[in-house]
Amino acid sequence: MKNVQIIDKLSGQIIAEYPIFVDLIDDPVDQDFMNDAWDIAVEEGLVDDDDRKCYKLEILSDIPLDHSSDSS
17 MKNVQIIDKL
27 SGQIIAEYPI
37 FVDLIDDPVD
47 QDFMNDAWDI
57 AVEEGLVDDD
67 DRKCYKLEIL
77 SDIPLDHSSD
87 SS
């Protein structure tokens, strides 16, 4: 799994973060993930579609699905 973050370039604030389950996609392309995340943020009213240049979109490295495997 990966996450896409949308970050306000001016403030550095994370506006949104969306998980992407790359294992479920036949031919994963990072730009497609970022475009999908942007579209969701626009639909949710978190960003203005005309201001995309004001935001940075980043894909975070693979995140394990099971975070509880470190139990001691």
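At position 49 of the sequence shown the residue is numbered 65 (our numbering), and the sequence of numbers has no breaks.
Even for Gly, the Cβ is constructed at its ideal location relative to N, Cα and C.
- Message: Residues in the same chain with beta-carbon distance under 7 Å from H83, minus the five sequence neighbours each way, listed in chain order, please.
- Response: Any reading at H83 needs caution, since the residue's pLDDT is 48, under 50, leaving its predicted position unreliable; the model's value is listed next. Within the same chain, H83 has no close Cβ partners at all.
- Query: Taking the C-alpha atoms as reference points, what is the distance between R68 and E33?
  - Reply: Cα to Cα, the separation comes out at about 15 Å.
- Query: To which residues of the same chain is S88 closer than 7 Å at the C-beta, ignoring the five residues directly before and after it?
  - Reply: Unreliable positioning characterises S88 in this predicted model, as indicated by a pLDDT of 44, which lies under 50. A coordinate reading is not provided.
- Based on the DSSP output, what are the partners of L73 in its beta bridges? I22.
- Message: In the DSSP output, what is E33 paired with across the bridge?
- Response: According to DSSP, E33 shares a beta bridge with Q21.
- Query: Buried or exposed: which applies to K76, given that a residue is buried once 16 or more other Cβ atoms fall within 10 Å of its Cβ?
  - Reply: Just to set this straight, residue 76 is Leu in the shown sequence, not Lys. The residue in question, L76, is exposed, as its Cβ has fewer than 16 Cβ neighbours within 10 Å.
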